[in-house]
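Single-structure report; data block below.
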């Protein structure tokens, strides 16, 4: 059977032999004085060296990822992670405790992020972090207990500064009704000086008098040091656009770059301009009250994005129309907010008669095209239809959720059933009407190119038959275009390279040919149109990746406004230059992968190398690469350095040129003849290279191509209790999202 999730499926005789070999390795390790978890340094690609990021002492508990609880700084020098255990100066003992580890010249040093309660203040959890992981933001409440903290009517934002000190970042936000404050920080500026706060008003829990919301969520702006809280969903006179419908960041499900960076001066939001339809004050969203897209600029000005420019200037918000518009769905924006992408059935540009869903791009800039202006002076300067079908009378039929927008706004990758480009791709495949066609819009050329056809089911792409979709297919690619929360697709910052997971067999010939029914990882070069299969075998192992029943996948990315996800700190799969891709699979793509469990691999310019040990008895997960490609983080219960002997799950960095200097050996005082020293130089004793290695560290990186080897040890894993410390976990926004999506093994797990 093919197409199973990682770790599933029947075990073949070849797998049985490999499993036996793995057991022998473990048995030998036990006989030598510990449960061996595989080699620490032997065979790592690109002369990488293992570094243990999480500390040896973890209060008897592992570190792990639940949903979004992990982040790697852009420069690879800092890592945020979570554990049940309270250690390394953690001031609280919650069900999940947050830590940050920083790399020093002597090793990784962890510190607890939860501050100790002071003056009756408790903290509901981590809400926001800066991209360099130097600042972290919490919500606090005046309560001495965790339960009181969760259900308090008052919330205050606090920022943890780089030196560990706390600074109040907002005024005390108290609900007028005295009921539970169900707010959460949705995002903010990269230095955390400006925040976007969501507050749920069901039933009414107004934060201040100007908030007249009857039903629905509201968005607010906060600035550090300012005593004021400002509503976002208002017109230019300060009146609320609605009192009965949700005001959503971005499009609600999609909020990628809805908060401009680095200053958060522009906030994109959607709202249905509805009125009360019954005594309970229900929102009248629908054809008569469509959802429209707006931008709040500089905290003082609002403009409407999803309207035809042919209507002329509009000082009102929303603009008065003779005819009701169709709803618009926000899809993403450039990091600086200058390019805004959305879909709509309403024709918005001249000559557009297509009433199917189309992809539009609005450009926001200064009046008259001048170079710089204040945020409040910006306006929509142009509106472009990106998904124009060149065939008269035919519709684009863009799928509801765009696959990914590049951070600089130069490329948009989306799926449509229309034929939007002429000619075949580099593999000789052409788009078909009715199929799930993956396209790329290139802002430099202004053209749309066909990337590949994707799979909706066995031998089917959309409404047409497709032999590139295996007959035994046990899944589909719809997560790329229809799942609102998580996508297995990312681009480089400039959009030049795309990496994605698909069941479609996109390469039919050559060394990268895809002939199995499992999901594979591909990289697309937008400049050349070339597709490359990433999940191939190391030196041709496993039939070059075609001889197994296991999926390969990249980390799933949540397109929210939170900085952790906006910068892909938790699931980056591709380096900034597109030269390296990390992925996960249970397929034995290396002869050293003998465990039949998910393992971490790196693809580097056409060659694949095993990153994790390949012998762990539990899945290795959480693979993330930094922008440079130097650091690859992952979680494993295998002890990959001599000091890691507890058998608990730890966070590791496979770092190019990594390793730490040896600690000086302690010297005992001599006495008598022992102080004279040897009469001649003795022959050196032959010992393993890691025998004198300090706990938790590595030998200095060896010169290429030689790589030192070591014996890694691991004790019997311990079980993690469901509750710890008698306190409930925080009710943070990320906690809610984490409970909605459990990240698991490759091929069924839950990158821009």
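Residue numbers (this note's numbering): 77 to 828.
Heads up, the beta-carbon is just placed ideally off N, CA and C, and yes, glycines get one too.
Quiz item: How big is the Cα-Cα spacing for residue 393 and residue 377?
Solution: So the two alpha carbons sit approximately 10 Å from each other.
Exercise. In the DSSP assignment, find the alpha helix (DSSP H) that holds residue 621 and state where it starts and stops.
Key: Boundaries of the alpha helix (DSSP H) harbouring residue 621: 617 to 621, taken from the DSSP string.
Exercise. Indicate the three-state DSSP secondary structure (helix, strand or coil) for residue 442 in the structure shown.
Key: Of the three classes helix, strand and coil, the one that applies to residue 442 here is coil, per DSSP.
Quiz item: Which value, in whole angstroms, describes the spacing of the CA atoms of residue 271 and residue 210?
Solution: Their Cα atoms are separated by approximately 17 Å.
Quiz item: Thinking just about the alpha-carbon of each residue, which of 160, 668, 534 is nearest to the one in residue 547?
Solution: When each option's Cα is compared against that of residue 547, the closest is 534.
Self-check item: Residues of its chain near residue 512, where Cβ-Cβ distance is below 6 Å and the 5 sequence neighbours each way are ignored
Solution: 491, 530, 532, 537, 538.
Self-check item: Stretch-stretch touch, CB-based, cutoff 8 Å, three pairs: the stretch 566 to 573 with the stretch 646 to 663
Solution: The stretch 566 to 573 makes contact with the stretch 646 to 663: 3 or more CB pairs, one atom from each, lie closer than 8 Å.
Self-check item: Residue span of the alpha helix (DSSP H) that contains residue 639, given as start and end
Solution: For residue 639, the enclosing alpha helix (DSSP H) starts and ends at 639 to 642.
Quiz item: Between the stretch 635 to 648 and the stretch 707 to 718, do three or more beta carbon pairs fall short of 8 Å?
Solution: The stretch 635 to 648 and the stretch 707 to 718 do not touch, with fewer than 3 CB-CB distances between them shorter than 8 Å.
Quiz prompt | Beta-carbon contacts of residue 727 that lie in its chain and below 7 Å, excluding the five residues immediately before and after | solution = Correct list, in chain order: 129, 130, 139, 155, 157, 709, 711.
Practice problem: Only counting runs of 4 or more residues, tell me where the alpha helix (DSSP H) segments fall wholly within the stretch 568 to 624, in order along the chain. | Solution: List check, alpha helix (DSSP H) in window: 617 to 621.
Quiz item: With C-beta atoms as the reference, is residue 325 less than 8 Å away from residue 295?
Solution: Taking 8 Å as the Cβ cut-off, residue 325 and residue 295 qualify as a contacting pair.
Quiz prompt | For residue 381 and residue 427, the rounded distance between their alpha carbons | solution = Annotation: residue 427 to residue 381 spans about 19 Å, alpha carbon to alpha carbon.
Practice problem: With DSSP as the reference, label residue 226 as helix, strand or coil. | Solution: It is helical.
Exercise. Taking the CB atoms as reference points, tell me whether residue 472 and residue 499 lie closer together than 8 Å.
Key: For residue 472 and residue 499, no; Cβs fall outside 8 Å.
Quiz item: Any chance the stretch 632 to 640 sits against the stretch 581 to 598, with 3 or more Cβ pairs inside 8 Å?
Solution: The answer is no - the stretch 581 to 598 does not touch the stretch 632 to 640, with fewer than three Cβ pairs under 8 Å.
Self-check item: Reference residue 214; option with closest CA among 558, 253, 328, 259
Solution: Each of 558, 253, 328, 259 was checked against the Cα of residue 214, and the nearest Cα belongs to 259.
Self-check item: Contacting residues, own chain, Cβ-Cβ under 6 Å from residue 507 (five flanking each side not counted)
Solution: Cβ neighbours of residue 507 beyond the five flanking positions: 495, 513, 526.
Quiz item: Can you find a heavy atom of the ligand NAD that lies under 7 Å from the Cβ of residue 618?
Solution: Looking for the ligand NAD in the displayed structure turns up nothing, as the structure carries no ligands at all.
Quiz item: Nearest to residue 408 by alpha carbon, out of 438, 421, 662?
Solution: Among 438, 421, 662, the Cα nearest to that of residue 408 is on 438.
Quiz item: Going straight from the alpha carbon of residue 735 to that of residue 678, what length do you get?
Solution: Near 19 Å, if we compare the C-alpha coordinates of residue 678 and residue 735.
Practice problem: Out of 422, 482, 416, 480, point me to the one whose CA is closest to residue 456's CA. | Solution: Looking at the Cα atoms, 416 is the closest of the given residues.
Self-check item: Distance, residue 120 Cα to residue 729 Cα
Solution: Taking the straight line from one Cα to the other gives about 12 Å.
Quiz item: Thinking C-alpha only, which one of 660, 515, 150 is nearest residue 557?
Solution: If we check each option's Cα against that of residue 557, 515 comes out closest.
Self-check item: C-alpha distance - residue 316 paired with residue 307, whole-angstrom precision
Solution: Their Cα atoms are separated by approximately 8 Å.
Self-check item: Of the residues 183, 204, 182, 278, the one placed nearest residue 190, counting alpha carbons only
Solution: Nearest of 183, 204, 182, 278 to residue 190, Cα basis: 204.
Practice problem: Report yes if the C-beta distance between residue 297 and residue 319 is below 8 Å; otherwise report no. | Solution: Remark: C-beta atoms of residue 297 and residue 319 do not approach each other more closely than 8 Å.
Self-check item: Beta-carbon contacts of residue 321 that lie in its chain and below 7 Å, excluding the five residues immediately before and after
Solution: The answer, listed in chain order, is 292, 347, 348, 350, 359, 361.
Quiz prompt | Residue environment, residue 200, which counts as buried when at least 16 other CB atoms sit within 10 Å | solution = With 16 or more other Cβ atoms within 10 Å, it is buried.
Self-check item: Other residues of its chain near residue 614: CB distance less than 7 Å, five sequence neighbours each side excluded
Solution: Only 665, 666, 684, 685, 686 meet the Cβ criterion.
Self-check item: 6 Å Cβ shell around residue 269 - same chain, five flanking residues per side excluded
Solution: Hits under 6 Å: 300.
Quiz item: Could you give the distance in angstroms between the alpha-carbon of residue 522 and the alpha-carbon of residue 345?
Solution: Whole-angstrom Cα-Cα distance: 26 Å.
Exercise. In angstroms with no decimal places, state the Cα-to-Cα distance between residue 385 and residue 412.
Key: Straight across, the Cα-Cα distance linking residue 385 with residue 412 is about 22 Å.
Quiz item: Apart from the five residues just before and just after residue 146, which ones in its own chain have a Cβ nearer than 6 Å to its Cβ?
Solution: Taken in chain order, the residues that qualify are 157, 646, 698.
Quiz item: Taking the alpha-carbon positions, what's the residue 172 to residue 228 distance?
Solution: About 20 Å.
Quiz prompt | Through-space distance from residue 207 to residue 251, alpha-carbon basis | solution = Distance between residue 251 and residue 207, taken at the CA atoms: about 31 Å.
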